[in-house]
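Report on the structure given below.
Numbering (the numbering used here), first residue to last: 268 to 518.
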């Protein structure tokens with residue numbers, strides 16, 4: 268069990284889904300306040316990354332327990348789990364312990380940030396984030412197995428991370444930072460949606476009600492395009508409303 272195996276298990280290449288919203292929140296706060304606190308930023312980023320790692324590991328463990336990953340005939344580097352359990356590289360119980368440890372470390376960092384920041388905003392956001400991460404595949408809620416998986420992922424990697432990072436820097440949560448987080452939430456949810464297509468057979472076999480399973484592949488493609496279009500409409504609206512700079516239209 269080497270370092271590379273654990274990097275595969277936590278699915279580190281997907282950590283950009285955490286780095287981008289945390290960086291966005293901090294950069295907007297910097298623009299609003301004129302100050303940037305590197306220690307707080309690095310703590311917020313570290314805490315979020317540990318929770319992300321814990322989520323990925325829990326996902327592997329509980330999708331193994333449900334038989335979902337084993338039932339997947341078309342695993343890809345982007346879907347079907349990390350496959351470390353299926354390949355026999357790491358025992359399931361060790362994955363679960365690593366997941367618990369990651370959540371605990373992320374939680375401790377969050378508690379410290381809540382202590383040095385005013386109010387209990389970070390505590391509330393952190394509790395919601397850990398709840399969504401662990402119970403995305405864990406019982407009794409198994410959010411990802413219901414019809415709210417995409418919404419949970421969008422909320423977790425959109426508003427929760429952007430708002431949390433902003434609050435750590437600025438100590439407040441104005442309306443515009445929530446609006447800025449919406450396109451991020453939709454884009455992250457769309458990453459999940461596009462990766463549900465190769466998982467369709469396995470998800471359907473174990474009763475995992477993803478959007479692709481519920482709608483079927485054809486209608487899910489239509490929803491994907493509608494939501495992607497909505498992202499650009501929202502960004503354009505935020506530029507027109509002078510909440511985002513016009514430069515955002517070039518990305």
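From the three backbone atoms N, C-alpha and C, an ideal C-beta is built for every residue, glycine too.
Is it true that the CB of residue j sits closer than 8 Å to the CB of residue i?
i	j	result
residue 321	residue 400	yes
residue 275	residue 351	yes
residue 455	residue 408	no
residue 377	residue 314	yes
residue 520	residue 396	One cannot answer for residue 520 here, as it falls past the ends of the chain, which runs 268 to 518.
residue 491	residue 460	yes
residue 348	residue 327	yes
residue 307	residue 435	yes
residue 295	residue 312	no
residue 451	residue 463	no
residue 510	residue 449	no
residue 437	residue 329	no
residue 494	residue 457	yes
residue 278	residue 323	yes
Grouping DSSP H, G and I as helix and E and B as strand, with all else coil, what is residue i?
i	result
residue 283	helix
residue 517	helix
residue 343	strand
residue 408	coil
residue 360	helix
residue 337	coil
residue 271	helix
residue 298	helix
residue 327	helix
residue 303	coil
residue 403	coil
residue 349	coil
How would you call residue i, buried or exposed, if buried means at least 16 neighbouring beta carbons within 10 angstroms?
i	result
residue 411	buried
residue 391	exposed
residue 482	exposed
residue 285	buried
So, is the C-beta of residue i closer than 8 Å to a C-beta in chain D?
i	result
residue 431	Absent here is chain D; the protein component of the structure consists of one chain.
Any alpha helix (DSSP H) of 4 or more consecutive residues that is wholly inside the stretch 433-512: Listed in chain order, they are 442-462, 467-472, 478-482, 484-507.
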